[in-house]
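Below you'll find the structure, written out as C-alpha cells, and then a few comments.
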Amino acid sequence: MQIAFFNTKSYDQTFFNESIYLKSHKITYFEVALNSQTARLAEGAEAVCVFVNDTVDRNTIQNLSVLGVKIIALRCAGFNNVDLKAAREYHIEVVRVPAYSPESVAEHAVALILTLNRKTHRAFNRVREGNFSIEHLTGFNLFNKTVGVVGTGLIGASFCKIMLGFGCKVLAYDIQKNENLINHGVQYTSLDELFRHSEIISLHCPLLPQTTHIIDTESINKMKSGVMIINTSRGGLIDTKAAIEGLKKGKIGYLGIDVYEQEANLFFKDHGETVIQDDVIARLISFPNVLLTGHLGFFTQEALEEIAHITLENLSDFENNKALSNRVALPE
Ligand code: NAI
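Just so we're aligned, residue 165 is where the sequence shown starts under this note's numbering, counting upward by one.
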C-alpha cells in the first residue's frame, strides 16, 4: 500500500524503515504536518499516516477524499485531532495505536514527579557551575503520600502500580473501575474527593468534551495547598491560565506537563533562534516549580518499535480486508 507519511522525524523513518512489518508497503515521508493545504501531497496514496499534532479536520478530510485516500493511520493513541464525523461522511477509516507501551508514559509521569520533587534538574545545573550548595532543594518523601489518578486505563493503571510501589495511597477516578487495581489497593473515589485529598494529581484520561479543562479554577480551589499536578495526557485537560493563577498564589506547588493546550505550533520543533510568541507558555517556563517537556512521554525505543509494528499491521489488515481491531469507532 502507498502511504503518505506526514510530520516525519528522523526517528520515525528509522523505526518504520527497519520494521519487519513494512512488507509490501511503500512509504513517502513528508516533513510537513498534514493540514488542508498539505493534504495534496497524499496524491497517489491510499493511506496517510499522522501524529498527534496533524490537523485532520473536515477540510483536510475532504481534500484527502478527493485524492482517493481510504484510511488515516494515527501513529499514536489519542485521536482528538481527527474529525471523526467528517471521516465517516467521506467513508475514510481511522485506525490508531491504542497501546504500544503504557509503561513509557507512566514512567515519564514518574520522572516528572521525581524531578520536580527532588529538584535534580536544578542540582545538575548547580554542580556544573561548581555550586554544591543544597539550599532550597528540599524535597518530600513519596512514601505515605496520597496520589490521585484521573483515568485508570492502560497508562493510568501502570502509573498506579508504580506509585503503590513507592508506598503511596492511591485514589482514582474513572468512569469505569479497574477491578485489578482495586485488588492491588487502589481506592476509587469521586473526582471531588480526589481533588480534596491528593498531594499529587496525575492525569491519564483522554481529552473529550467532558474532560476538557478538568483542571480549572474551580477544581484547583478544591485542591490541597501546594498540590503537585502532572499531565502527560493531553494539554486541553488543563486550563493553563487557571494553572498559572494557581501557581502565582502558591495553591499549586508544582506543575509537571508533557503536553500543552497550544502545543501544535510549538512542539517537536527547535524554536531556539526565534522569539516565542505564546506568552502563556513563556510565563509557564518562567516558574521554578514548573517542569515542561515537549510531548516525549511515549519516546522510548520499545514504544517506537511497537508504534511502527502496530501502525503497519493496521494498514496490512485494511489492505487484506481483515477486521480492523484498532479501528476508531466513527460516530453514527
Ligand atoms: P486508555 O483508553 O487505556 O485509558 C483512558 C482511561 O480514561 C479509560 O480507563 C477511560 O475509562 C478513562 N476515561 C474516559 N473518560 C473519562 C472521564 N470523563 N473521566 C475520567 N476517566 C475517563 O488510554 P491510555 O492508553 O491509558 O492513554 C491515556 C491518554 O494518554 C491518551 O488519551 C492520550 O491522550 C495520552 N497519551 C499521551 C502520550 C504522551 O506521549 N504524553 C502517549 C500516549 C498517550
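The C-beta atom is built at its ideal place from N, Cα and C for all residues, glycine as well.
Looking only at its chain, what residues have a beta carbon closer than 6 Å to the beta carbon of residue i, apart from the 5 residues adjacent to it on each side?
i	result
Q201	none
A237	A211, C213, V259, T475, N478 and L479
A263	L318
R282	G303
R447	I408
F169	I191, Y193 and C213
Quick one: is residue i buried, meaning 16 or more other Cβ sit within 10 Å of its Cβ, or exposed?
i	result
L411	buried
T404	buried
K413	exposed
K187	exposed
R286	exposed
T362	Looking at the sequence shown, residue 362 is not Thr but Ser. Answer is buried; the Cβ neighbour count reaches 16.
F395	Position check: residue 395 holds Asn in this sequence, whereas Phe was assumed. Flag for N395 reads buried.
Y418	buried
Cβ-heavy atom distance between residue i and the ligand NAI below 8 Å?
i	result
F179	no
L328	no
F431	no
S397	yes
C240	yes
A263	yes
S215	With the sequence shown as reference, residue 215 is identified as Phe, and Ser is not the correct amino acid for it. No, since every heavy atom of the ligand NAI falls outside the 8 Å radius drawn around the Cβ of F215.
G317	yes
G232	no
Y507	A question about residue 507 goes unanswered here, because the residues of the chain that appear run from 165 up to 496.
L335	no
Q340	yes
P452	no
With respect to the alpha helix (DSSP H) encompassing residue i, which residues constitute its N-terminal and C-terminal limits?
i	result
Q177	S174 to N181
A197	Run containing A197: none; DSSP gives neither H nor E here.
F169	Per DSSP, F169 belongs to no alpha helix (DSSP H); it is in the beta strand (DSSP E), Q166 to F169.
Span of the beta strand (DSSP E) holding residue i?
i	result
C213	A211 to V214
A336	K333 to Y337
Going by beta carbon distance, what residues of the same chain come within less than 7 Å of residue i, once the five residues before and after it are set aside?
i	result
F330	L306 and F307
T464	S265 and S268
Using a Cβ-based criterion (distance less than 8 Å to any ligand heavy atom), does residue i qualify as near the ligand NAD?
i	result
D422	The ligand NAD is absent from the structure shown, which contains only the ligand NAI.
By Cβ distance, which residues of its chain are closer than 8 Å to residue i, with the 5 residues on each side in sequence left out?
i	result
L228	A203, A206, V212, I236, Y254 and I256
* Any contact of the stretch 379-391 with the stretch 316-335, i.e. 3+ C-beta pairs under 8 Å? -> No, the stretch 379-391 is not in contact with the stretch 316-335.
- Item | Contact between the stretch 284-302 and the stretch 338-348 (3+ Cβ pairs under 8 Å) | Touching, no, given that fewer than three Cβ pairs across the two stretches are closer than 8 Å.
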